[in-house]
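Working notes for the structure below.
Protein chains: 4
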Amino acid sequence: MTVRVGVIGTGWIGGEHIRRITDRVGGAEVVAVTDIDADRAARAVAGTGARVLATGEEVIAAEDVDAVVVTSWGPAHAESVLAAVAAGKPVFCEKPLATSAEDAQRILDAEARHGARLVQVGFMRRYDTGYRQMKEVVSAGGIGTPLMAHCVHRNPTVPESYHSEMASQDTAVHEIDVLRWLLDDEISSVQVLTPRPTGKRFEHLRDPQMLLFEMVGGARVDLEVFVNCQYGYEIGCEVVGEEGTVRLPEVPGAVVRSAARTSTPVLQDWVQRFAGAFDAEFQSWADEVAAGTPTTGPNAWDGYAAAVVTDAAVRALHSGGVVETGIKERPAFYA
Amino acid sequence: MTVRVGVIGTGWIGGEHIRRITDRVGGAEVVAVTDIDADRAARAVAGTGARVLATGEEVIAAEDVDAVVVTSWGPAHAESVLAAVAAGKPVFCEKPLATSAEDAQRILDAEARHGARLVQVGFMRRYDTGYRQMKEVVSAGGIGTPLMAHCVHRNPTVPESYHSEMASQDTAVHEIDVLRWLLDDEISSVQVLTPRPTGKRFEHLRDPQMLLFEMVGGARVDLEVFVNCQYGYEIGCEVVGEEGTVRLPEVPGAVVRSAARTSTPVLQDWVQRFAGAFDAEFQSWADEVAAGTPTTGPNAWDGYAAAVVTDAAVRALHSGGVVETGIKERPAFYA
Amino acid sequence: MTVRVGVIGTGWIGGEHIRRITDRVGGAEVVAVTDIDADRAARAVAGTGARVLATGEEVIAAEDVDAVVVTSWGPAHAESVLAAVAAGKPVFCEKPLATSAEDAQRILDAEARHGARLVQVGFMRRYDTGYRQMKEVVSAGGIGTPLMAHCVHRNPTVPESYHSEMASQDTAVHEIDVLRWLLDDEISSVQVLTPRPTGKRFEHLRDPQMLLFEMVGGARVDLEVFVNCQYGYEIGCEVVGEEGTVRLPEVPGAVVRSAARTSTPVLQDWVQRFAGAFDAEFQSWADEVAAGTPTTGPNAWDGYAAAVVTDAAVRALHSGGVVETGIKERPAFYA
Amino acid sequence: MTVRVGVIGTGWIGGEHIRRITDRVGGAEVVAVTDIDADRAARAVAGTGARVLATGEEVIAAEDVDAVVVTSWGPAHAESVLAAVAAGKPVFCEKPLATSAEDAQRILDAEARHGARLVQVGFMRRYDTGYRQMKEVVSAGGIGTPLMAHCVHRNPTVPESYHSEMASQDTAVHEIDVLRWLLDDEISSVQVLTPRPTGKRFEHLRDPQMLLFEMVGGARVDLEVFVNCQYGYEIGCEVVGEEGTVRLPEVPGAVVRSAARTSTPVLQDWVQRFAGAFDAEFQSWADEVAAGTPTTGPNAWDGYAAAVVTDAAVRALHSGGVVETGIKERPAFYA
């Protein structure tokens, strides 16, 4: 069975996902899309046979749409997801699931009413080969009980529109999800330290930032977010357990020796870094939707938790102190 | 335009490629297949909509087949390729293009008569990210003129059916192609050294072997082929130039520290190692076939050169001495 | 000129240094020693020709003692150092220089009265090849202005006598010194986080700990101290600047591939890890003492700063909050 | 007991060893030296208390000389070693032990007559930490029976006086020794391949060269010698066994990320690369001489084997073919 997908939002990331589903994912095709810019929507599906509809409601309601992908801008995500859940259709929502914990809660409530999980959130790192290897090692007890994690998230530069809160909302949110998954635990508190800012940024931006998380079980995480590091895009993660450590592999690159240096290239953006993860994420989603089984990827609870922790991180940035996330216990529904 | 593909031979590798074209490659679909085992053919295309035909001739002749993939057993490759060229259809042939230099020559002649290149040979390493990075460095002059290359090709174990000549024919053939490409030169002579054989092999097999190649331009290559190395599948390649060296990156894996060791996993087979290369290879082929431009991948000349060098390597294994390949100059047609 | 050295304290580290000066360091010899255990002192110099004296005072006063090494237990260091300064003799003091900031201040005052620097403190990491390479990169502007540093200090296990405060006093003190040196700045505040403790420790010990330092110039440092990590002894350090990063190299070890893993050994103790640094440290000290120039190694101010920051770290461990070190400005005398 | 050493030859390497024995080695001192240039000899021992004698004979005969170090120019080595053996004094001879197999044989005969081993040859690599780790892994059966080894020996540039035969005599000789030791076997034949020469050399020099060795037990070794590789000094060695491989670690260096590259420095000469090995070599020799036990380092047989193989390699370079070394079986005296 081929999963027929409707896509809401055909901006850059929407376009990427349309091409991915069309070209790289087996057992799925895009049949309908919508965008506030109908021309852009038409361009995004040129040659695919998919049709352009006027609204997200129409996409969700279309009889030939089996499942929905939400790639509109963040503040619109929650409404589309709620509508899809109301229609009983599986929905893949790019992060964030919601821009407030309240909206995320409404989605949890909707799924509970529906009685089955329908939502997957686009935290693609869980599909990255390196993170999956880390997860296997941790889950198999290869390092004992996790006690700490050290992470870095670096980006060469950001545009002027990037503001200090986005370090948590847009950037750290990926680690917030992947650490919850790696450590199989919730984040109970956040603190944000602000090192001396780099001179190589727009004046309004606080960069770098150091985020400190405490997990409910007591593990501690430090995360450097540095979005104007100049030299490249780099993701680092090490989990430290009672008996050993496991670290994300470095990105491979041809090793050159010349002029008294041994060197390898550094990637320059997340598109290169996580291309394989995006493919694997959508393939897994399509396979599970086709099979009619609940998706095993990040779910609405994960989206909710990310929203709660992100909110706390923003408050922590402003206050300078430790902020409790107040995260609830994970409902059995999401166990 | 979607390229409609006919597949001749649906054994293991044929099945893999059918799934790849169906699920992972954009702009291509399998519409017809054949196999000497019709049931196997039917199973290979179950759920894809492709039909099973009785013979390769029928596949090639089918009106809705735009391009042909040949994945039958090696000795049958040449006839199918010749038939496809006669029909004027682009053909992707798994290695080997032919099992003798004479058969490969017939394909060169046929393409010459046709007046345009139609054949691509399945040397997937040219699409591996690491090799491509090496090629870029070499081509950009990053290490100066290449003078040497050091290579290893290791496999954990092989079955009893694997015989000593296959070290060249099946295993080293990948390096034969990729080194010609990396060094942009032809191989002029081959020597095969036979180190003390490992005890961990079937008695009839000479393993490991050390192949020594000289290029027309004078560069020298050594290649270890060790197909019962026990510990894993590993490909190594370093090109040494007048001003520097470039080396294939190691396969990334989560780094574990425990029990007084730092360690990473080693892959166990070529399917894992080159999965991404196979995807990229077919995507590139499909794109170029769709565009109607000659494919830029390994062509019939490359298949011919591989056959000539492989033949020489087998003779060198038997004789113990240096064997000239007698390779001709590359025709302008393949420049 | 050979520097004639008197050693006060011939326990384990004193014995090590006697052998080092005797066997590995050019231009220096041990001529007199003392210890509270005279037999131990005699054993420590057996075969060296050095004589055993009754007290540290006698060692310092001996006419043929050009310079003094203090390797008694920590609480006795300050008095010996003060006596050596009073006698106008160069003195190398193992860390700590003093066990309180007050005692360290007395040494600063004594040197000021003497009018020249005489004291070197045994922070050997500044002589480690890897750290020196890092320092050169930072000093040469290779990474731009430093903004952050990430460090780990791991040890396989510690005996029951090791208590929670020692994580700062004995263990982190090495990073406290080397970071001040690498970042060329003083530490203004300390915070100590206490992750979930490992089960593999004596009950009374808080392990691991995460120390957070802020430098006067605003750079931020995180330091994991984990003294029962089981798997080995490991030191990690990365400095992050405005334009790049520099990282301590990993300890080299033969790379083994077997049983589906690639692995290297991990060291098990600091003696192996810093053997070369200790040799270089003493050679440098002996050379500078022989030359009659002020030693360029860590000086009394560095010992004072370490004491002040260590005190603050202990208070931070107890309080859980941020503790200002109140470090003074570095006197011109120590510039 | 302090070993009193006489040194014959105070050129560059002789001066290095005098400083090493004086400053870095415990339990040894230089008491007498000689050189054809008496002024140079005097400068070499300035400040050490050693006296300058007129001839090597006088040095060997001196009553206060317990052991002799031969660091004159190569053609003079054998006579000094023979004289030391005749005098019954332990002798450390820089490589080569002799410049012909005949001269080396005379030393074997002399030691046999003397009835005990007195000679150590200066193959310092056996004392390099990385090679020692490799040896331990191989000896412990960690990779199974060795079948192959792959080696590289690279140098940035050489002066005009370096000629093609020196690639074997001066450069490859280090691998010839260390491979015999690692593989615990003798070399039975040699072949020298001559890749396209680099343009970055004096015209008369054949560079690079590829040496191929076969061991008596059947293992095969390939060795790249490239003495004008431009980018740095690099030694590589991998031994491949029936169950795994072991590789010399890379030289550690601070890891810098900047300008889209991750890089580490490459050393530029063998003095830096093997400084630690030289220290360990002399310390071990001094300790064993002091203990009166036969030295466990490379002995006269090893010097003989190196001469035999080097001779064969030079003939192989000239002939282009495989040259049998004709190495005898190792006498029980050297087992």
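These protein sequence lines map, in sequence, to chains E, U, F and B.
Counting from 180, one number per residue, gives the positions in the first sequence under our numbering.
Counting from 180, one number per residue, gives the positions in the second sequence under our numbering.
Counting from 180, one number per residue, gives the positions in the third sequence under our numbering.
Counting from 180, one number per residue, gives the positions in the fourth sequence under our numbering.
Beta carbons are placed, not taken as given, at the ideal position from N, Cα and C, and that holds for glycine.
What you are looking at is a predicted structure, and each value in this text was computed from that prediction instead of being measured.
Near residue 395(U), which residues of its chain fall below 6 angstroms by C-beta distance, leaving aside the five closest residues on each side in sequence?
These residues qualify, in order along the chain: 364, 365 and 367.
What are the residues of the region 416-433 of chain U that lie near chain D, defined by any Cβ-Cβ distance shorter than 9 angstroms?
The displayed structure is made up of protein chains E, U, F and B, and chain D is not among them.
Rounded to whole angstroms, what's the CA-CA distance from residue 428(F) to residue 416(F)? Just pull it up for me.
Their backbone Cα atoms lie some 9 angstroms apart in a straight line.
Residues of chain U with CB under 8 angstroms from residue 403(B), in chain order?
Within chain U, the residues near residue 403(B) are 327, 329 and 419.
Quick one: does residue 445(F) have its CB under 7 angstroms from some CB of chain U?
Answer yes: the Cβ-Cβ gap between residue 445(F) and chain U drops below 7 angstroms somewhere.
For the candidate residues 362(B), 257(B), 200(B) and 441(B), whose alpha-carbon lies nearest to that of residue 149(B)?
Absent from the structure is residue 149(B), since the part of chain B shown begins at 180 and ends at 514.
Using three-state DSSP, classify residue 403(U) as helix, strand or coil.
Strand, per DSSP.
What are the partner residues of residue 441(B), as DSSP defines its beta bridges?
Its beta-bridge partners are 443(E) and 436(B).
Just to confirm the assignment, what range does the beta strand (DSSP E) spanning residue 329(U) have?
Here the beta strand (DSSP E) through residue 329(U) covers 325-333.
Between which residues of its own chain and residue 289(F) is the CB-CB distance below 6 angstroms, once the five residues before and five after are set aside?
Taken in chain order, the residues that qualify are 261 and 264.
Give me the residue from 273(U), 269(U) and 502(U) with the minimum Cα distance to residue 252(U).
Out of 273(U), 269(U) and 502(U), 273(U) has the C-alpha closest to the C-alpha of residue 252(U).
Kindly say whether residue 351(U), judged by its beta-carbon, lies nearer than 7 angstroms to any beta-carbon of chain B.
No, because no Cβ of chain B sits closer than 7 angstroms to the Cβ of residue 351(U).
I need the boundaries of the alpha helix (DSSP H) containing residue 317(F), first residue and last residue.
Counting along the chain, the alpha helix (DSSP H) containing residue 317(F) begins and ends at 308-318.
Would the beta-carbon of residue 269(B) be found less than 6 angstroms away from any heavy atom of the ligand MG?
For the ligand MG, the structure offers nothing, since it holds no ligand at all.
Within the same chain, show all residues whose beta-carbon is closer than 6 angstroms to that of residue 303(F), passing over the 5 residues directly before and after it, in chain order.
Answer for residue 303(F): 453, 456, 457 and 460, listed in chain order.
So that I know if they touch, is there some Cβ in chain U lying closer than 7 angstroms to that of residue 292(B)?
With 7 angstroms as the cut-off, residue 292(B) does not count as an interface residue toward chain U.
Applying the criterion that 16 or more other CB atoms from any shown protein chain within 10 Å of the CB defines a buried residue, is residue 476(E) buried or exposed?
The residue in question, residue 476(E), is buried, as its Cβ has 16 or more Cβ neighbours within 10 Å.
By alpha-carbon positions, which one of 204(B), 207(B), 205(B) and 213(B) ends up nearest to residue 189(B)?
Comparing Cα positions, the closest option is 213(B).
Note down, one range per segment and in chain order, each alpha helix (DSSP H) of at least 4 residues found wholly within the region 243-296 of chain B.
For the region 243-296 of chain B, whole alpha helix (DSSP H) runs of length 4 or above, ordered along the chain, are 256-265 and 280-293.
Measure the C-alpha to C-alpha separation of residue 512(U) and residue 284(U) and round it to an integer number of angstroms.
About 14 angstroms.
Between 267(U), 348(U) and 406(U), which lies nearest to residue 292(U) when the distance is taken from Cα to Cα?
Answer by Cα proximity: 267(U).
Measure the CB-CB distance between residue 246(E) and residue 182(E) and report whether it falls below 7 angstroms.
Taking 7 angstroms as the Cβ cut-off, residue 246(E) and residue 182(E) qualify as a contacting pair.
Could you give the distance in angstroms between the alpha-carbon of residue 345(B) and the alpha-carbon of residue 410(F)?
About 46 angstroms.
Given a cut-off of 7 angstroms on the beta-carbon distance, is the pair residue 316(E) and residue 435(U) in contact?
Yes.
When you compare only the Cα positions, how much space is there between residue 508(F) and residue 481(F)?
About 12 angstroms.
By alpha-carbon positions, which one of 392(E), 342(E), 310(E) and 354(E) ends up nearest to residue 381(E)?
Ranking 392(E), 342(E), 310(E) and 354(E) by Cα distance to residue 381(E) puts 342(E) first.
Quick one: give me the first and last residue of the alpha helix (DSSP H) that residue 451(E) is part of.
Looking at the DSSP string, the run of the alpha helix (DSSP H) that includes residue 451(E) is 449-452.
Beta carbons nearer than 8 angstroms to chain E: which residues of the region 199-216 of chain U have them?
Within the region 199-216 of chain U, the qualifying residues are 201, 202, 203, 204, 205 and 206.
Can you give me, in chain order, the residues of the region 299-330 of chain F that have a beta carbon less than 7 angstroms from any beta carbon in chain B?
Of all residues in the region 299-330 of chain F, 309, 312, 313, 316, 321 and 322 have a Cβ within less than 7 angstroms of some Cβ in chain B.
Taking only beta carbons into account, state which residues of the region 497-508 of chain E come closer than 8 angstroms to chain B, listed in chain order.
Listed by position, the residues of the region 497-508 of chain E near chain B (Cβ gap below 8 angstroms) amount to none.
Between the alpha carbons of residue 215(E) and residue 465(E), how many angstroms are there, rounded?
Rounded to whole angstroms, residue 215(E) to residue 465(E) spans 26 angstroms at the Cα level.
Once you ignore the five residues that flank residue 313(U) on each side, which residues in its own chain have a CB closer than 8 angstroms to its CB?
Once the five neighbours on either side are set aside, the close Cβ partners of residue 313(U) are 361, 416, 418, 425, 426 and 427.
What is the residue span of the beta strand (DSSP E) that residue 208(E) lies within?
Element bounds for residue 208(E): 207-213.
Counting only Cβ pairs nearer than 8 angstroms, list the residues of chain F close to residue 183(B).
In chain order: nothing, as chain F lies at least about 15 angstroms away.
Tell me where the alpha helix (DSSP H) around residue 187(F) begins and ends.
Segment 182-187 is the beta strand (DSSP E) holding residue 187(F); no alpha helix (DSSP H) there.
In the DSSP assignment, what are the bridge partners of residue 392(E)?
Answer by DSSP bridge pairing, in chain order: 369(E) and 400(E).
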